Structure formats: structure tokens, C-alpha cells
Amino acid sequence: MLITKPNDVLSSEITPESVYLNRRKFVGASGSLLLGGALAACGKTEQAEAKVSEPPSDLAALEFSAVKKDAANPFYTTEALTPYADVARYNNFYEFGTGKDDPYKYASALTTNPWQVKVDGEVAKPGTYNLEDILAKNPLEERIYRLRCVEAWSMVIPWVGFPLGAMLQQFEPTSDAKYVKFETLVRKEEMRGQRSFSSTIDWPYEEGLRMDEAMHPLSFMATGLYGREIPKQNGAPLRLVMPWKYGFKSIKSIVRISFSKRQPATSWQQIAPHEYGFYANVNPEVDHPRWSQASERRLPSSLFEPNRIETRLFNGYAEQVAGLYSGMNLVRYY
Amino acid sequence: MKSSLRRNKWALILLLALPAIGLSYAAAMNQLGPDPADVLVAETGEWTIRLLCLTLFISPLASLLRSRSSFRPLPYRRIIGVATWVYGVLHLLCYSAFLLAFQWGDIGAELIERPYITVGFAAVLLMTPLAITSTDGMVRKLKKRWKSLHKLIYIVALLAVAHIVWQIRSDAGEAIVYSLIIACLLLWRFVDSRRAKALSLRSTIN
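Chains F and U, in that order, are what the protein sequence lines are. Per numbering that gives the first Met the number 0, the very first residue in the first sequence carries number 0; after that it's consecutive. Per numbering that gives the first Met the number 0, the very first residue in the second sequence carries number 0; after that it's consecutive.
In C-alpha cells form, the structure reads like this:
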């Protein structure tokens, strides 16, 4: 019997976003006859836009094992990928400013080579590790994950990296290591957001996980996306990806990993503890005090056909991670 | 003289329409990035608060220029004020249409549950009678009451500040700047009215 599986073809392959954009732009532009002169100019920007939907070739191509394209594989999803241009140009990385395109505009100032990660706390092998040494021990693989921002927008991103748990094991955490804390680089001369006088973040940006969360197979360290090394604005050279938690947990440009007995303080928790909890698991039932978390805008979205979808508990990864929180009051521990 | 005022007013209207035209064009051309709804809501909100500050700046400017220049800004205030309301309404419409897709239940819930949205909504609502009574006929009809009615703009300004401050997340910069500007503009009025009272008191004594 011949049955074609629908998930053999990515929906992103069916509708290249440049064609999709072209169509909308064509319709919009041809409607306004008066703007005929401007049309030619728009055609040009449009082509330029289409080109940046591919990662630029100055980002090194990575060698990695591709994700198994099976709808039942939790490391994969059949949902349409968010185009590269949107992933690279629209995100939060407050070290470079609070605007959504500030990271894209200003992250080029960041030096990512050489890069070292300090490992300390409840661990048998503390020390300062060169990134190359970490990479040498951790073969790269691909993961296609949903990313749900606490601001109620979301993306689907093909990451390249390695399991967080495998890396943490190499440092040999002791039995007292119940939590792990991560820190982002502080380098005011290269990170203009850290020079802002009005920022409420006390740098460095800090995030943390419970050890069992960190060791979960879904927890991922990304060094690349779309098959190439990760752009600086997305957290080069090493960032966390926690697909069932709000995006702010997925800390970028990591320079320190500390193991501890007690739950570490995290940046957002310190800024607004009633709004951002330690767990920050995606949960449509628990609203942010200032907005609803019941739905999200899957990007790219458009004005008249807003890509508004229902948010799922644990961002759709409940089957894999719900066990980590059994018996826990998710409203209290948000 | 009169025709130049007329011409200037039309030029001002065109100028004030430019942000809306620019945004509509960018939206139609798909140039607002992957989350155009968010950009439109933020931009229309920004223009509302900017124009509100400009409206409130006209009378201090007029008193500053009184003896120094022949330019009289007061005739232009009404247009800027009405434009503030228009951008406020656009802000509310963009929010309701593009972020909440006109889901009335959701809009109602947001209005009740989110205080920063409640105060923002109240500010647009309070500006509406001011916009309606901005015609010459209404000014004549309401006489003295017109002036007291239009003092509502000070409440609107305070609500707008609350709306912005309530949204501070990781950076307070913008909120601080707008709060300071509006504080200065309101403070000037307080000082000015005290001075005017003192002056009239002196003249009655004399």
C-alpha cells in the first residue's frame, strides 16, 4: 500500500516565504496606481529581503546530524519554520538594546573568539574552559523547536547544538548540585544595552534551572541555527534553548555555569518577582499580570490574517516534561 | 495674513498626517517586520504621546514668544489637539483589530484586568468630548464651560503617563523622558496660574 506521509514535506518548503511576500507586496502595490513610480524601488528591496531569508555565507556552515523528520519525534516539528530573516532580525537580547531589531543592528560589535566558560560551585571539575574544548567533546545535532516568548509571540527555529545534559555531565556535578545557574557576558564596550542608564537589569543577566530540568533530553545548548553558526544577535557563541519555557529562560552568550545546592536568583525574578517566576514554564492558564498568555502570534504574522494560535501547556512538550512537575502547583510556581 | 494662516494650517494637517500615511504605506508594503501588529500599536501610541506633549507645549510657547516674536502658535493648537485624539483612536483601533482581532470578549477582559490598558482607554475616552467640542461653534456655545471642559486634557496627560509607566519592563528610559516632559508642562501651568493670580491681586490692591 502506498501512503504518502504529509510530514515528508515541510510546509516551509511548500511556500517559500519570498514568493509569499512577493504576492502580498504585488497585490498591495498594484492597488495603488499613484504609487507606480515607487513600485520599481520596492521591487528592489523585496529582492534584497528575499536574499536575507538565507543565512549569510560569512557564518560558517556546521557539520551536524540532521534531525529525524518524524512527526512523533519530540526533537522535530512539522510546523512551518520561521524564516531565517525573522529569526535573525527580531528578538530580545537586551544587552544590545530593548528594540526588537537592536540585537540585529548592534550585535556585530561583539567579539566571540576567543570564548571561555567558567564552571564553578558544586562540581568535581571546576575551571575555565575554552569553547573549542567544550565543542570537541559534544558532537552537533539538529533540533527543530517551538520558541514561545513571554511577550506572546512565537517562532519555530531549526537549531544546531548539543544536549545540555551531556555537557553538564562532563563537568561532573556533585550530589549537592541541585540547581545550575548561567550567566551572560558583561562587556559594556561591546554591548551597548549594558551602557543604558535607564535599564532595570542588574548585569550580568542570570538564569537558572533545576538539575533535573537541565538534564532533560529536550534541554539544549545551541551553537548554530539554520545549519550555520549562530548569529551574534541570537546569542553566539553558546546559548541555552529550553523549548517548554518562556524564551527569557534560554539565556544567550553564556560565560559562566555554576552548580549550587540552593535555587539561584534569576534576572527577571529580581526585576519583577510577581510577573516572572523561576520556572517560567509556558502555561496558557497562568497569565502574565499585564497580558494574557492564552494565545500567541506565530511569526511571521500579518495584519489582516494574524497568525494567532492557542498557546499549549509546556509549549506543546507536556508529554515529555510534565513529569518533572508532577504534584507541583503550576499557578504558584509559575 | 489670513490666507497665510489658512495655508499654514493645511500644511500642519498634512504634516501631522504623515506618520499615519507612512505607517499605512509600510504596512501595505509589508515592511513592518514579522510582527506588524506590535509595531503599529507601538508606533501609533508613540505618536499619540508625542502630539499630546506638543499640544501641551503650545501655551508655554505662546507666552514665551509673546514679546519676542510675531509668530503666534495658539491658532494651531486645536489641530494638534485633534490629531492627538485621532492617533489615540488609531492606537486603540490597531490594538483591538490587529492584536485582539476584534474579539470583543477578549477586549472587554483586557480592559478590566489590565490596569495600564484601562487607563489608556480612559485617556482616549476623555479626549473624545474635547475633540467633539473643538469647533468654533462649540466654543461659542459652551462659552466659559468650554475652558473648564478642556482642562480634562491635564487628566488625560496624567493617565497617559500612568499608561506608559505601568508598562516599564527592563528599561525605564522612555517612561522617564515622557514623564519628565509632561511634569514640566503641567508644572509650568501651575506656576503660571499662581503668577497670574498674584498679578491680578496686585492690580486690585492698586
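Glycine is no exception: its CB is placed at the ideal position from the N, C-alpha and C atoms. What you are looking at is a predicted structure, and each value in this text was computed from that prediction instead of being measured.
Inter-residue CB distance, residue i and residue j (contact presumed, cutoff 8 Å)
{"i": "Gly276(F)", "j": "Phe219(F)", "result": "The Cβ separation is near 21 Å, so there is no contact."}
{"i": "Ile156(F)", "j": "Ile200(F)", "result": "With a Cβ gap of about 24 Å, Ile156(F) and Ile200(F) do not count as contacting."}
{"i": "Thr47(U)", "j": "Gly87(U)", "result": "5 Å"}
{"i": "Ile175(U)", "j": "Ser197(F)", "result": "6 Å"}
{"i": "Val66(F)", "j": "Tyr75(F)", "result": "5 Å"}
{"i": "Ala156(U)", "j": "Leu55(U)", "result": "6 Å"}
{"i": "Trp84(U)", "j": "Leu129(U)", "result": "7 Å"}
{"i": "Val281(F)", "j": "Trp158(F)", "result": "Wrong, their Cβ atoms sit about 17 Å apart, outside the cutoff."}
{"i": "Tyr115(U)", "j": "His162(U)", "result": "5 Å"}
Residue i and residue j closer than 8 Å at C-beta
{"i": "Arg145(F)", "j": "Glu78(F)", "result": "yes"}
{"i": "Tyr105(F)", "j": "Phe95(F)", "result": "yes"}
{"i": "Ala176(F)", "j": "Val122(F)", "result": "yes"}
{"i": "Asn137(F)", "j": "Trp243(F)", "result": "no"}
{"i": "Thr81(F)", "j": "Leu312(F)", "result": "no"}
{"i": "Glu188(F)", "j": "Lys248(F)", "result": "no"}
{"i": "Leu141(U)", "j": "Phe120(U)", "result": "no"}
{"i": "Lys251(F)", "j": "Gly226(F)", "result": "no"}
{"i": "Leu302(F)", "j": "Pro59(U)", "result": "no"}
{"i": "Val160(U)", "j": "Cys93(U)", "result": "no"}
{"i": "Tyr316(F)", "j": "Leu217(F)", "result": "yes"}
{"i": "Leu17(U)", "j": "Tyr75(U)", "result": "no"}
{"i": "Ala19(U)", "j": "Leu89(U)", "result": "yes"}
{"i": "Leu167(F)", "j": "Ala135(F)", "result": "no"}
{"i": "Gly172(U)", "j": "Ser174(F)", "result": "no"}
{"i": "Val118(F)", "j": "Phe181(F)", "result": "no"}
{"i": "Tyr93(F)", "j": "Gln232(F)", "result": "no"}
Local conformation of residue i per DSSP, three classes
{"i": "Met154(F)", "result": "strand"}
{"i": "Trp243(F)", "result": "coil"}
{"i": "Gln232(F)", "result": "helix"}
{"i": "Phe181(F)", "result": "strand"}
{"i": "Pro162(F)", "result": "strand"}
{"i": "Leu298(F)", "result": "coil"}
{"i": "Gly44(U)", "result": "helix"}
{"i": "Asp135(U)", "result": "helix"}
{"i": "Arg145(F)", "result": "strand"}
{"i": "Ile308(F)", "result": "strand"}
{"i": "Glu318(F)", "result": "helix"}
{"i": "Leu208(F)", "result": "strand"}
{"i": "Asn280(F)", "result": "strand"}
{"i": "Arg238(F)", "result": "strand"}
{"i": "Pro54(F)", "result": "coil"}
{"i": "Pro172(F)", "result": "strand"}
{"i": "Asn29(U)", "result": "coil"}
{"i": "Leu80(F)", "result": "coil"}
{"i": "Ile250(F)", "result": "coil"}
{"i": "His273(F)", "result": "coil"}
{"i": "Leu326(F)", "result": "Strictly speaking, residue 326(F) in this sequence is Gly, with Leu absent from that position. Coil."}
{"i": "Gln193(F)", "result": "helix"}
{"i": "Thr97(F)", "result": "coil"}
{"i": "Pro35(U)", "result": "helix"}
{"i": "Tyr86(U)", "result": "helix"}
{"i": "Asp85(F)", "result": "helix"}
Member of the options whose CA lies at the smallest distance from the CA of residue i
{"i": "Glu140(F)", "options": "Ser153(F), Leu184(F), Leu163(F) and Val118(F)", "result": "Leu163(F)"}
{"i": "Thr127(F)", "options": "Ala135(F), Asn137(F), Gly120(F) and Val116(F)", "result": "Val116(F)"}
{"i": "Asp340(F)", "options": "Leu329(F), Ile253(F) and Phe258(F)", "result": "Within the shown structure, residues of chain F are numbered from 0 to 333, placing residue 340(F) beyond reach of any answer."}
{"i": "Trp290(F)", "options": "Val164(U), Ile152(U) and Ile111(U)", "result": "Ile111(U)"}
{"i": "Leu125(U)", "options": "Ile154(U), Ala100(U) and Ile175(U)", "result": "Ile154(U)"}
{"i": "Gly120(F)", "options": "Ala71(F), Ile133(F) and Tyr178(F)", "result": "Tyr178(F)"}
{"i": "Ile78(U)", "options": "Gln102(U), Ala122(U) and Leu50(U)", "result": "Leu50(U)"}
{"i": "Glu150(F)", "options": "Leu148(U), Ser66(U), Asp37(U) and Arg193(U)", "result": "Asp37(U)"}
{"i": "Arg296(F)", "options": "Arg6(U), Asn7(U) and Pro33(U)", "result": "Pro33(U)"}
{"i": "Pro230(F)", "options": "Asn90(F), Thr310(F), Phe63(F) and Ser64(F)", "result": "Asn90(F)"}
{"i": "Thr265(F)", "options": "Pro73(F), Met210(F) and Pro203(F)", "result": "Pro203(F)"}
{"i": "Lys260(F)", "options": "Arg209(F), Phe181(F) and Val281(F)", "result": "Arg209(F)"}
{"i": "Thr97(F)", "options": "Gln319(F), Glu274(F) and Arg191(F)", "result": "Arg191(F)"}
{"i": "Pro283(F)", "options": "Ser300(F), Ile308(F), Gln262(F) and Glu304(F)", "result": "Ile308(F)"}
{"i": "Phe70(F)", "options": "Leu109(F), Arg186(F) and Arg142(F)", "result": "Here the sequence assigns Ala to residue 70(F), which means Phe is not the residue at that position. Checked all of Leu109(F), Arg186(F) and Arg142(F); the closest Cα to Ala70(F) is Arg142(F)."}
{"i": "Leu184(F)", "options": "Glu131(F), Leu224(F), Thr110(F) and Gln169(F)", "result": "Thr110(F)"}
{"i": "Tyr245(F)", "options": "Ile133(F), Met154(F) and Ser52(F)", "result": "Met154(F)"}
{"i": "Lys124(F)", "options": "Ser257(F), Lys180(F) and Leu134(F)", "result": "Ser257(F)"}
{"i": "His215(F)", "options": "Gln319(F), Ala60(F), Glu53(F) and Trp114(F)", "result": "Gln319(F)"}
{"i": "Thr310(F)", "options": "Gln268(F), Ala293(F), Gln262(F) and Arg186(F)", "result": "Ala293(F)"}
{"i": "Ile57(U)", "options": "Asp105(U), Leu184(U) and Val123(U)", "result": "Leu184(U)"}
Beta-bridge pairing of residue i - partner residues as DSSP gives them
{"i": "Gly223(F)", "result": "Val159(F) and Glu228(F)"}
{"i": "Val118(F)", "result": "Gly126(F) and Ile256(F)"}
{"i": "Trp290(F)", "result": "His287(F)"}
{"i": "Asp170(U)", "result": "Ser198(F)"}
{"i": "Glu140(F)", "result": "Ser64(F) and Gly160(F)"}
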